[in-house]
Structures are given as C-alpha cells and as structure tokens.
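Asks:
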Amino acid sequence: MGCKKTKAEATSVLSSDRLSSLPPKIKGNILSRLNVREAVRTSTLSSTWRDAWTNMPKISLRDRNFTRTRFVKLVDMVLALHKGTIEEFDISGEKSYHDEFARWMLMLSRRSPRSVTIKLNSGPRYKISSRVFSIGDLKFLQLENCIISLPRAFQGFKSLTYLSLNNFSSTDRDIQNLISFCPVLTDLILTTFEGINQLNIHAPKLEYLSVYGDFEDINLEAPNLKVAILYLDHQAKAYQSVPIAHDKENHIKKSLGSLSEIKILGITGSFMKYLSKGRILTKLPTVFTRLENIYLNICFWDRRQVFAAYSLFQNAPNLKKLAVWSYPSSTWDQCQARILEHTLQMQMDHLVTASVGCFRGLDNEVDFVAKLLSWAPALEEVKIEWKGETDCIMVLAKLLALPRVSARAKVIVSF
1 MGCKKTKAEA TSVLSSDRLS SLPPKIKGNI LSRLNVREAV RTSTLSSTWR
51 DAWTNMPKIS LRDRNFTRTR FVKLVDMVLA LHKGTIEEFD ISGEKSYHDE
101 FARWMLMLSR RSPRSVTIKL NSGPRYKISS RVFSIGDLKF LQLENCIISL
151 PRAFQGFKSL TYLSLNNFSS TDRDIQNLIS FCPVLTDLIL TTFEGINQLN
201 IHAPKLEYLS VYGDFEDINL EAPNLKVAIL YLDHQAKAYQ SVPIAHDKEN
251 HIKKSLGSLS EIKILGITGS FMKYLSKGRI LTKLPTVFTR LENIYLNICF
301 WDRRQVFAAY SLFQNAPNLK KLAVWSYPSS TWDQCQARIL EHTLQMQMDH
351 LVTASVGCFR GLDNEVDFVA KLLSWAPALE EVKIEWKGET DCIMVLAKLL
401 ALPRVSARAK VIVSF
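Note that full-length UniProt numbering numbers the sequence shown so that position 386 is 386, with each residue one more than the last.
#1: In whole angstroms, give me the CA-to-CA distance for A245 and G278.
#2: By alpha-carbon positions, which one of A407, V405, E381 and V411 ends up nearest to V395?
#3: I believe R304 touches S276 by the beta-carbon criterion, under 8 angstroms. Please report the beta-carbon distance rounded to the nearest angstrom.
#4: Sort T54, K387 and D349 by Cα distance to M77 and report the nearest one.
#5: Tell me which residues share the same chain as A323 and place their Cβ nearer than 6 angstroms to its Cβ, disregarding the 5 neighbours each side in the sequence.
#6: Do T353 and E389 have their C-beta atoms closer together than 8 angstroms?
#7: Is the stretch 87-104 in contact with the stretch 54-74, if contact means three or more CB pairs nearer than 8 angstroms?
#8: Which one or two residues does DSSP pair with P91 in a beta bridge?
#9: Here's a check: name, in chain order, each residue in its chain whose Cβ is nearer than 8 angstroms to the Cβ of N167, leaving out the five neighbours to either side.
#10: Could you give the DSSP three-state label for A370: helix, strand or coil?
#11: Alpha carbon to alpha carbon, what distance is there between T117 and S414?
#12: When the distance is taken between beta carbons, is M107 closer than 8 angstroms to L81?
#13: Could you tell me how far apart the beta carbons of I229 and G269 are, in whole angstroms, since I believe they sit closer than 8 angstroms?
#14: Buried or exposed: where does N197 fall if 16 or more other Cβ atoms within 10 Å of its Cβ makes it buried?
#15: Could you work out which residue in K263, K320 and C299 is closest to N224 when comparing CA atoms only?
#16: Helix, strand or coil for S329? Go by DSSP, reduced to three states.
#17: If you measure between the beta carbons of N250 and I280, is that distance less than 8 angstroms?
#18: Applying the criterion that 16 or more other CB atoms from any shown protein chain within 10 Å of the CB defines a buried residue, is G213 buried or exposed?
#19: S329 and D302: beta carbons closer than 8 angstroms?
#20: Would you identify the three-state DSSP class for S32, choosing helix, strand or coil?
#21: Can you name, in chain order, every residue of its own chain whose Cβ lies under 6 angstroms from the Cβ of A316, other than the five neighbours on each side?
#22: Which residues mark the beginning and the end of the beta strand (DSSP E) in which Q347 is found?
#23: Here's the rule I'm using: 16 or more other beta-carbon atoms within 10 Å means buried, otherwise exposed. How should P113 be labelled?
#24: Checking the sheet assignment: what are the DSSP bridge partners for V287?
#25: For S159 versus L138, is the C-beta spacing smaller than 8 angstroms?
#26: Please report the straight-line C-alpha distance between I175 and L351, rounded to a whole angstrom.
#27: Could you give the distance in angstroms between the alpha-carbon of G257 and the alpha-carbon of T286?
#28: When DSSP builds the beta bridges, which residues end up paired with I294?
#29: Tell me, please, which residues DSSP counts as bridged to A228.
#30: Going by DSSP in three states, P219 sits in which element: helix, strand or coil?
#31: Measure from the alpha carbon of Y162 to the alpha carbon of each residue in Q155, L206 and N177, then state which is nearest.
#32: Among the residues of its own chain, which have a CB less than 8 angstroms from the CB of K320, if the five just before and after it don't count?
#33: Helix, strand or coil: how does DSSP classify L396 here?
#34: Where does F300 fall in DSSP's three states?
#35: Relative to the C-alpha of L402, which candidate in M272, L372, Q345 and Y208 has its C-alpha closest?
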C-alpha cells in the first residue's frame, strides 16, 4: 500500500515538473483556451506559471462579469504586461469606455496583432485611432460602433484578408481607399453605415461581399467575387429617387458587370429598384456563366423591377436555383402595375427549383410563375408561400392550370 502511494506521489511530482518545464509559448497556447480572467489566476499555481499568461497569443476580453472600473484595470494590465506576440485580440463590452479607448488602441498597436475584433457598443461611435491603421501585419479586422477616418499616411493593410464593419460612419473617399488599399482582401462585410453616398468597391481578390445599408450609388470591380449579398434600405435615397427620363445608363451593368465569376447573388431590400433605374438591357456585356443561385426581393407591382430581373435571368444561362420574395408597393393599384406582355423569350435550361415567398395571389405574381414554367424545361418544382388575405381557391386553380414545358414541374403551395 505504501509503495503504491509513493509511486502515485512520484508520478504527480513528475507530471507537475513536466508542466512547469514547458516553454513559455506552449504555456501561452494552453492558457489561450481560457478567458483572460481565468488565465491570470493561473499565476498563483506556481512561480513557473506566474507570468505564463503574458505569452497568451489569443486575448479575449468581455466586460459582462465586471464592473466598469475592474474591467478597465484588467484591459490596462493585459496590454501593459503582455510580453509575447498577440495573434488575436478580441474585446467587447456594453459599458462606455470612450475615455480609455485611445490609450488602449495605442497600447494594442505596439503589440502588432494579426487579428483585431472590437465590439464596444455603448454610447457614441468610437473613432478608430490612426495607430490601428498602422498595424502592418493585420490579417483580420472586425469593428462595430465606430468612425472610420483614415490618416493621411495610411499605406494600406497589405496582408488583410477579412474586413467587417458594422454600425459605422465614414466618407466615400475613406471607405474606397480602405478597401482598395487591401490588395489581398477576400471577405468584405459592410453593415448599417452613414456618410457614404457613392460606394466604390475595387478589390481584385474579393470572393465574398455583403453590403447592408443606405447609399445612393454603387460600383463594383471585383472580378473574382463568388458570393454577393446586396441589401439596400427601404429608406435609402437610391430607393426613393425616381428613374430619370432618357437615362441611358444600365445599373445592372454598372453594378454587376465585372462579376464574371459570381456563383451566388442575393439582391435584397430595395436593391432591385436601384438596378431597374435607367436603361434595361436584355443582353449584357458580361454573361454570368458561373451564376447558379439567385435570391431576389422584388416588387411585382413595378414592371421595371420585373424586367430587370428577367435581364439577370437571361444573362445567367446556368442558373439552377431561384428564390424570390415579393414585397408590396406603397400603392396597391394592380391595374397600373400589371406586368405588360413583351416579346422577351428565354430558355432557363438548367433551372431546377424556384420559390416565391410572400405570395399574395395577384395577377402579376401569377404571370411571373407562368413565365418560369414556360421557360424552364428542367424545372422540378415551384414552391409558393401564400401570404394573401383573400380566398385562395381561384388563385390555386390558376396556378395548377398553368402550362409548363417540364413534365416533372410541380407547383407546391404552403400556407
């Protein structure tokens, strides 16, 4: 019995010695699996672990379990005493830290992090310090509730691949320069912003784009873009403006003309109305040969939007999946908005599934479904989500009686 106890004690001592003798970098990687508060507490384990937390490559700070004063002290201590390289720095809070923010950004910039996430959402927007824009090795940047104002000496983020800005303000010039000075940027997310009228995105390596906000105009030059989700706020100036008579500019060509590699396209909010302004072309200079999935928010009361959608379909010969959500106009005069007959004929040879959400059963929506059924020889199903307030029996009869070129095509209505 005594031998077993002695052996167990020896094994424990040996394991402890092994842990204590680990290199500082490995200790830091171990502690990165803990939150900062727990990692700092390991300094009481032994003298060899006393400063181990100062080599943590990943720093994550949350204020939810702290008073404001204690959280400020924690952030100051971490940034002041950290000795190694900070690979990832992530801070979020629901209290106001405007008095400390500039100091923290100065201390952080000296650590040359590769990844920075800042989500301090209380009070006015935080102005991002010029020090942050001097971090040359940054690869990942996610900011919320902030003001983007580039310093004159900004040289760009040469290694940045991911940029996400949420609830921010900036200017046309600053946001354009920020994006264009990131030559290897692959992922860009812009959500809820102010101060940007002309959104110019020039990003040769960009593969994923999500824009959700208010702007008057947009230009995309992203030849390698694979996925684009574009949302225009219903209160946006571009939505409220009316088409200009004799406007010869094609907004689909202007906004999407460079996207020859696009595979998934989402047009939501009121962006379809923006695309329908100006001249609508049945054939575009660019054919979206790789485009297989389209998601649209569209007002069927506005025939220009419908024709703009047809223009997209005609220039996406390999489209396989189409999802459409109908939203009403501010006026409900169906007679004026009825989709006019036109000579456009299309072959959607590869379309397999289609869906129409928020279907109210009006004639213009039925016309749209009829055209899909007549254009798609490989179509297998059209799913319709009924949101009408009137008796649907007559509408269902119309839908089921529609001719179709695909013998396999089914019309499925859900309530």
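For glycine and all other residues, C-beta sits at the position ideal for the given N, C-alpha and C.
Replies: Based on what the coordinates show:
#1: The residue you call residue 245 lines up with position 245 of the sequence shown. The residue you call residue 278 lines up with position 278 of the sequence shown. Bear in mind that the predicted position of A245 carries a pLDDT of just 44, short of 50, making it too unreliable to give a figure here.
#2: Counting from 1 along the sequence shown, the entry for residue 395 is found at position 395. For V395, the closest alpha carbon among the candidates A407, V405, E381 and V411 is that of V411.
#3: Start at 1 with the first residue of the sequence shown, and residue 304 comes out as number 304. Start at 1 with the first residue of the sequence shown, and residue 276 comes out as number 276. Sure, about 4 angstroms apart at Cβ, within 8 angstroms.
#4: Taking the sequence shown and counting its residues from 1, one reaches residue 77 at position 77. Of T54, K387 and D349, the residue nearest in Cα terms is T54.
#5: The count along the sequence shown starts at 1 and reaches residue 323 at position 323. Excluding sequence neighbours, A323 sits near Y295 and S355.
#6: As a first step, residue 353 must be located in the sequence shown, where it is residue number 353. As a first step, residue 389 must be located in the sequence shown, where it is residue number 389. E389 sits away from T353, with the two beta carbons spaced by 8 angstroms or more.
#7: Yes, they touch.
#8: Working through the sequence shown from its first residue, we reach residue 91 at position 91. Reading the sequence as shown, one finds Ile at residue 91 and not Pro. DSSP lists L61 and I118 as partners of I91.
#9: Reading the sequence shown from its first residue, position 167 is the one you call residue 167. So the list reads N121, R125, E144, N145, C146, T191, T192 and F193, once near-sequence residues are dropped.
#10: Along the sequence shown, one-based indexing puts residue 370 at 370. Under the three-state reduction of DSSP output, A370 falls in the helix class.
#11: Within the sequence shown, the letter at position 414 stands for residue 414. Within the sequence shown, the letter at position 117 stands for residue 117. In this structure, the straight-line span from the alpha carbon of S414 to that of T117 is close to 42 angstroms.
#12: Taking the first residue of the sequence shown as position 1, residue 81 is located at position 81. Taking the first residue of the sequence shown as position 1, residue 107 is located at position 107. Taking 8 angstroms as the Cβ cut-off, L81 and M107 do not qualify as a contacting pair.
#13: Taking the first residue of the sequence shown as position 1, residue 229 is located at position 229. Taking the first residue of the sequence shown as position 1, residue 269 is located at position 269. Between G269 and I229 the Cβ distance is about 10 angstroms, and since that is not below 8 angstroms, they are no contact.
#14: As a position in the sequence shown, residue 197 is number 197, starting the count at 1. Classification of N197: exposed, given that the 10 Å Cβ count is below 16.
#15: Residue 224 sits at position 224 when you count from the first residue of the sequence shown. Measuring C-alpha to C-alpha distances from N224 to each of K263, K320 and C299 identifies K263 as the nearest.
#16: Residue numbering aside, residue 329 sits at position 329 when the sequence shown is read from its first letter. Three-state DSSP puts S329 in coil, outside helix and strand.
#17: Within the sequence shown, the letter at position 250 stands for residue 250. Within the sequence shown, the letter at position 280 stands for residue 280. Contact flag set, yes.
#18: For the purposes of this step, residue 213 is taken as residue 213 along the sequence shown, with counting starting at 1. By the neighbour-count rule (16 or more Cβ atoms within 10 Å), G213 is buried.
#19: Translated into positions along the sequence shown, residue 329 becomes position 329. Translated into positions along the sequence shown, residue 302 becomes position 302. Yes, the Cβ-Cβ distance between S329 and D302 is below 8 angstroms.
#20: Position 32 of the sequence shown, counted from the first residue, corresponds to residue 32. Only weak support is given to the placement of S32: the predicted model assigns it a pLDDT of 49, under 50, and the question is left unresolved by the model.
#21: The sequence position of residue 316 within the sequence shown is 316, counting from 1. Excluding residues within five positions, the ones whose Cβ falls inside 6 angstroms are F288 and L291.
#22: On the sequence shown, residue 347 is found 347 positions in, with the first residue counted as 1. Per DSSP, Q347 belongs to no beta strand (DSSP E) and is neither H nor E.
#23: Reading the sequence shown from its first residue, position 113 is the one you call residue 113. Only buried fits P113, as 16 or more other CB atoms lie within 10 angstroms of its CB.
#24: Stepping through the sequence shown from its first residue, residue 287 is reached at position 287. Note: V287 sits in no beta bridge, so no partner.
#25: Position 159 of the sequence shown, counted from the first residue, corresponds to residue 159. Position 138 of the sequence shown, counted from the first residue, corresponds to residue 138. Yes, the Cβ-Cβ distance between S159 and L138 is below 8 angstroms.
#26: In the sequence shown, counting from the first residue as 1, residue 175 sits at position 175. In the sequence shown, counting from the first residue as 1, residue 351 sits at position 351. Rounded to whole angstroms, I175 to L351 spans 37 angstroms at the Cα level.
#27: Your numbering for residue 257 matches position 257 in the sequence shown. Your numbering for residue 286 matches position 286 in the sequence shown. The straight-line gap separating the alpha-carbon atoms of G257 and T286 is approximately 6 angstroms.
#28: Locating residue 294 in the sequence shown gives position 294, where the first residue counts as 1. Bridge partners of I294: L265 and L322.
#29: Counted from its first residue, the sequence shown places residue 228 at position 228. A228 is bridged to L209 and L265.
#30: Position 219 of the sequence shown, counted from the start, is the residue given in the question as residue 219. Rather than Pro, the amino acid found at residue 219 in this sequence is Asn. The answer is strand: DSSP assigns N219 an E or B state.
#31: Within the sequence shown, numbered from 1, the residue matching residue 162 stands at position 162. Comparing Cα-Cα distances from Y162 to each of Q155, L206 and N177, the minimum goes to L206.
#32: Translated into the one-based positions of the sequence shown, residue 320 becomes position 320. The residues are E292, N293, H350, L351, V352 and T353.
#33: Taking the sequence shown and counting its residues from 1, the one referred to as residue 396 is at position 396. The DSSP-derived three-state label of L396 is helix.
#34: Mapped onto the sequence shown, residue 300 falls at position 300. Of the three classes helix, strand and coil, the one that applies to F300 here is coil, per DSSP.
#35: Residue numbering aside, residue 402 sits at position 402 when the sequence shown is read from its first letter. Nearest option by C-alpha distance: L372.
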